[in-house]
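Participant: Structure incoming, see below.
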Amino acid sequence: MTTMNGSEKKSSPNWSGTAKLVVALLSSIIIIYLLYRFKDYLAPLLLSFLLAYLFHPLASFINRRFKIPWRVVSTLIFVLLFLIVMGLLTWGGISIVEQIQNLVNYLQTLIGDLPTFFADLSSKPLMIGKFEIDLSQFDMNSLWTQIQGVVEPMLANLGSLIGTIASGAATTVVGLIFIILIAYFIMIETGGVREDMFKLNIPSYEEDIRKLGTQISKIWNAFLRGQLIVIGITIFIYTILLSVLGVRYFFLLALLAGAARFVPYVGPFVAWTTYALVSLFQTNYFGVEPIVFALIVVGIAWVTDLMLDNFISPRVMSDALKVHPAAVLVMVFISASLFGFVGVLLSAPLLATLLLLSTYVFRKLMDQDPWEGLQTLPPPVSMKKSFKKIWNRILHLFRSKKKTDGKS
35 MTTMNGSEKK SSPNWSGTAK LVVALLSSII IIYLLYRFKD YLAPLLLSFL LAYLFHPLAS
95 FINRRFKIPW RVVSTLIFVL LFLIVMGLLT WGGISIVEQI QNLVNYLQTL IGDLPTFFAD
155 LSSKPLMIGK FEIDLSQFDM NSLWTQIQGV VEPMLANLGS LIGTIASGAA TTVVGLIFII
215 LIAYFIMIET GGVREDMFKL NIPSYEEDIR KLGTQISKIW NAFLRGQLIV IGITIFIYTI
275 LLSVLGVRYF FLLALLAGAA RFVPYVGPFV AWTTYALVSL FQTNYFGVEP IVFALIVVGI
335 AWVTDLMLDN FISPRVMSDA LKVHPAAVLV MVFISASLFG FVGVLLSAPL LATLLLLSTY
395 VFRKLMDQDP WEGLQTLPPP VSMKKSFKKI WNRILHLFRS KKKTDGKS
């Protein structure tokens, strides 16, 4: 075997500035084309990374605590996850889809009955306690036309979506298997090191990549911990409230209240409208007019959302994502077109990640220090501390009320 001596060695020639520019432009065009061409696979891939990211701490704990090899732990976790998902789909999937379809059909029936309802409403005065309101002076036909124009398209789209889910059950199962498999392979390749999940080696940029990775990790930690806690609390509270009020489909409406937390402004409005429609055409044990009962339900929902926004969310989220709600609303529509329903759910952390990366790129282009003056996110608060803060706040409110009652 012969070896090359120093004089025979030839170093690889460096690219010129023009060559680098051409390669960068061509690479960008190819990447954008591939993203557009295979955009249907972006949402499953995003969910796979998210799933691996979520289960990594559990696998690390079992690996350290019981000294079980990493691949064995990862395999056991994802086999168990697969069995649970398949069991839930077999046991409850069809039933849930049928209940949602029944709710949509029920709402569509209510829409058909609204003209008669408004005609009856305007034909007699509305009694609220001792007060009498004459509704004949209002143009109920115009009001109904406006409500119909807003609600009917929404229900039609929702009904077609549920039908698509029901008819595409097999495709859904295949998609779930694909997501779980990709997440499993991502997990085992990390070897127990969470940072290796998004490992990227670029000479001279190791420190920048490490800092970006740390900040992105904090963004998604803040979202996953905070938002999921808030949604869980929302569903729990609304399940109790709506069931106590005697509202039909109370659990599905509670799930709607939880989903509405993902979409600022529009989400709560859609949820309140749905509560009103369901409450408007059912009996109630308060003995009040249907429209009064609907107003009571919507009013309680409004107060509940107000408390969640001002007492629960700030203490759980702590403004960790630092993004404006209006910007999140715009991002909802953009990410929905790219990732579908998954994009709606993850629009807030996607926006925060995009802002972080764009700030870094802009400062590098301007020859500025990308980290100077950058507001680093605080480490996420543990779930135990989050619930403890909420509980202490509730106790403080009750104690303050007792002291006030005692003085009076």
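Numbering (the working numbering), first residue to last: 35 to 442. Just so you know, even glycine gets a beta-carbon here, dropped at the ideal spot from N, CA and C.
1. By how many angstroms is the C-alpha of S392 removed from the C-alpha of S62?
2. DSSP three-state call for G202: helix, strand or coil?
3. Rounded C-beta distance between G247 and P78? I'm assuming under 8 Å.
4. Helix, strand or coil for Q316, going by three-state DSSP, please let me know.
5. With distances taken between CB atoms, is the gap from V331 to L290 smaller than 8 Å?
6. Closest to F219 by C-alpha separation, out of V107, S347, L379, S434, would be which residue?
7. Once you ignore the five residues that flank I64 on each side, which residues in its own chain have a CB closer than 8 Å to its CB?
8. Would M365 be called buried (16 or more neighbouring beta carbons within 10 Å of its own) or exposed?
9. What did DSSP end up calling S238 once you bin it into helix, strand or coil?
10. According to DSSP, simplified to helix, strand and coil, what is W254?
11. For the 8 Å Cβ check, are there 3 or more pairs between the segment 315 to 332 and the segment 297 to 304?
12. Between the alpha carbons of L122 and F396, how many angstroms are there, rounded?
13. At a cut of 8 Å, does the segment 370 to 388 reach the segment 310 to 320 through at least three beta carbon pairs?
14. Unbroken alpha helix (DSSP H) runs of length 4 or more, entirely within the segment 267 to 304: which are they?
15. By how many angstroms is the C-alpha of N255 removed from the C-alpha of W336?
16. What does the Cβ neighbour count give for S371, buried or exposed, with the cut at 16 atoms within 10 Å?
17. Measure the C-alpha to C-alpha separation of T307 and R259 and round it to an integer number of angstroms.
18. Does the separation of the CB atoms of T273 and A293 fall below 8 Å?
19. Could you check what DSSP says for F72 in three-state terms: helix, strand or coil?
20. Determine whether the beta carbon atoms of I267 and I346 lie at a separation below 8 Å.
21. Give me, in chain order, the residues of the same chain whose beta-carbon lies closer than 8 Å to that of I269; leave out the 5 immediate sequence neighbours on both sides.
22. Report, in whole angstroms, the separation of the C-beta atoms of L340 and V264, which I expect to be a contact under 8 Å.
23. Name the residue from L276, G377, F373, I368 whose alpha carbon lies nearest to the alpha carbon of T338.
24. Have a look at M35 and N235 and give me their C-alpha separation to the nearest angstrom.
25. Work out the CA separation of P91 and E223 for me, nearest whole Å.
26. Is the CB-CB distance between I216 and S82 below 8 Å?
27. When DSSP labels each residue in this structure, what does H90 get in the three-state scheme?
28. Please classify M35: does DSSP put it in a helix, a strand, or coil?
29. Assign S369 to one of two classes, buried (16 or more other C-beta atoms within 10 Å of its C-beta) or exposed (fewer than that).
30. By Cβ distance, which residues of its chain are closer than 7 Å to L55, with the 5 residues on each side in sequence left out?
31. Here's the rule: buried if 16 or more other CB atoms are within 10 angstroms of the residue's CB, otherwise exposed. What is V113?
32. Which of helix, strand or coil does DSSP assign to W104?
33. How many whole angstroms separate the CB atoms of A86 and M221, which I take to be in contact at a CB cut-off of 8 Å?
34. With DSSP run on the structure shown, which of helix, strand or coil describes P359?
35. Output the boundary residues of the alpha helix (DSSP H) element that contains W49.
36. Looking at the unbroken alpha helix (DSSP H) that takes in L403, where does it start and where does it end?
Facilitator: In this structure, then:
1. Locating residue 62 in the sequence shown gives position 28, where the first residue counts as 1. Locating residue 392 in the sequence shown gives position 358, where the first residue counts as 1. Those two C-alpha atoms are separated by around 16 Å.
2. Translated into positions along the sequence shown, residue 202 becomes position 168. Here G202 scores only 49 on pLDDT, less than 50, and its place in the model should not be relied on; the value that follows carries that caveat. In this structure, G202 counts as coil in the three-state DSSP scheme.
3. In the sequence shown, the residue the question calls residue 247 occupies position 213. In the sequence shown, the residue the question calls residue 78 occupies position 44. With 8 Å as the limit, G247 and P78 do not qualify as a contact, their Cβ atoms being about 23 Å apart.
4. Looking up residue 316 in the sequence shown gives position 282. In this structure, Q316 counts as coil in the three-state DSSP scheme.
5. Taking the sequence shown and counting its residues from 1, one reaches residue 331 at position 297. Taking the sequence shown and counting its residues from 1, one reaches residue 290 at position 256. Not closer than 8 Å, so no.
6. For this step, residue 219 is matched to residue 185 along the sequence shown. Nearest of V107, S347, L379, S434 to F219, Cα basis: V107.
7. Taking the first residue of the sequence shown as position 1, residue 64 is located at position 30. There are no such residues.
8. Taking the first residue of the sequence shown as 1, we reach residue 365 at position 331. So M365 ends up on the buried side.
9. If you number the sequence shown from 1, residue 238 lands on position 204. S238: coil per DSSP, three-state reduction.
10. In the sequence shown, counting from the first residue as 1, residue 254 sits at position 220. In this structure, W254 counts as helix in the three-state DSSP scheme.
11. No: the two stretches stay apart, fewer than three of their Cβ pairs being nearer than 8 Å.
12. Residue 122 sits at position 88 when you count from the first residue of the sequence shown. Residue 396 sits at position 362 when you count from the first residue of the sequence shown. Going by the C-alpha atoms only, they are around 46 Å apart.
13. no
14. 284 to 294
15. The count along the sequence shown starts at 1 and reaches residue 336 at position 302. The count along the sequence shown starts at 1 and reaches residue 255 at position 221. Distance between the alpha carbons of W336 and N255: 29 Å.
16. Within the sequence shown, numbered from 1, the residue matching residue 371 stands at position 337. Answer is exposed; the Cβ neighbour count stays below 16.
17. What you label residue 307 is simply residue 273 of the sequence shown in a count that begins at 1. What you label residue 259 is simply residue 225 of the sequence shown in a count that begins at 1. One C-alpha to the other measures close to 29 Å.
18. Residue numbering aside, residue 273 sits at position 239 when the sequence shown is read from its first letter. Residue numbering aside, residue 293 sits at position 259 when the sequence shown is read from its first letter. No, the pair does not count as a contact, with Cβ atoms beyond the cut-off.
19. Taking the sequence shown and counting its residues from 1, one reaches residue 72 at position 38. Note: F72 maps to coil in three-state DSSP.
20. As a working note, residue 267 is residue 233 in the sequence shown. As a working note, residue 346 is residue 312 in the sequence shown. Yes; because the gap between Cβ atoms is below 8 Å, this pair is in contact.
21. Here residue 269 refers to the residue found at position 235 of the sequence shown. Hits under 8 Å: A288, L289, A291, G292.
22. In the sequence shown, counting from the first residue as 1, residue 340 sits at position 306. In the sequence shown, counting from the first residue as 1, residue 264 sits at position 230. With 8 Å as the limit, L340 and V264 do not qualify as a contact, their Cβ atoms being about 14 Å apart.
23. As a first step, residue 338 is located in the sequence shown; it is residue number 304 there, counting from the start. The residue with the shortest Cα to Cα distance from T338 is L276.
24. Position 1 of the sequence shown, counted from the first residue, corresponds to residue 35. Position 201 of the sequence shown, counted from the first residue, corresponds to residue 235. Residue confidence is low: M35 scores 46 on pLDDT, short of 50, so the model does not pin down where it sits. Its coordinate-derived value is still stated next. Roughly 33 Å separates the two Cα atoms.
25. Along the sequence shown, one-based indexing puts residue 223 at 189. Along the sequence shown, one-based indexing puts residue 91 at 57. Their backbone Cα atoms lie some 15 Å apart in a straight line.
26. The sequence position of residue 216 within the sequence shown is 182, counting from 1. The sequence position of residue 82 within the sequence shown is 48, counting from 1. Cβ atoms of I216 and S82: closer than 8 Å.
27. Against the sequence shown, residue 90 aligns to sequence position 56. Reduced to three states, the DSSP call for H90 is helix.
28. Reading the sequence shown from its first residue, position 1 is the one you call residue 35. For M35, the pLDDT reaches just 46, beneath the cut-off of 50, and the residue's location in the model is therefore unreliable, leaving the point undetermined.
29. Here residue 369 refers to the residue found at position 335 of the sequence shown. Buried, because 16 or more other Cβ atoms sit within 10 Å of the Cβ of S369.
30. Stepping through the sequence shown from its first residue, residue 55 is reached at position 21. There are no such residues.
31. Position 79 of the sequence shown, counted from the first residue, corresponds to residue 113. It is exposed - the Cβ of V113 has fewer than 16 other Cβ atoms within 10 Å.
32. One-based indexing of the sequence shown puts residue 104 at position 70. In this structure, W104 counts as helix in the three-state DSSP scheme.
33. Counting from one through the sequence shown, the residue named residue 86 turns up at place 52. Counting from one through the sequence shown, the residue named residue 221 turns up at place 187. Contact between A86 and M221 holds, with the beta-carbon distance rounding to 5 Å and staying under 8 Å.
34. Counting from one through the sequence shown, the residue named residue 359 turns up at place 325. Helix, per DSSP.
35. What you label residue 49 is simply residue 15 of the sequence shown in a count that begins at 1. Careful: W49 lies outside any alpha helix (DSSP H) and carries neither H nor E.
36. Mapped onto the sequence shown, residue 403 falls at position 369. For clarity, residue 403 is Asp in the given sequence; the question names Leu instead. No alpha helix (DSSP H) contains D403, which DSSP labels as neither H nor E.
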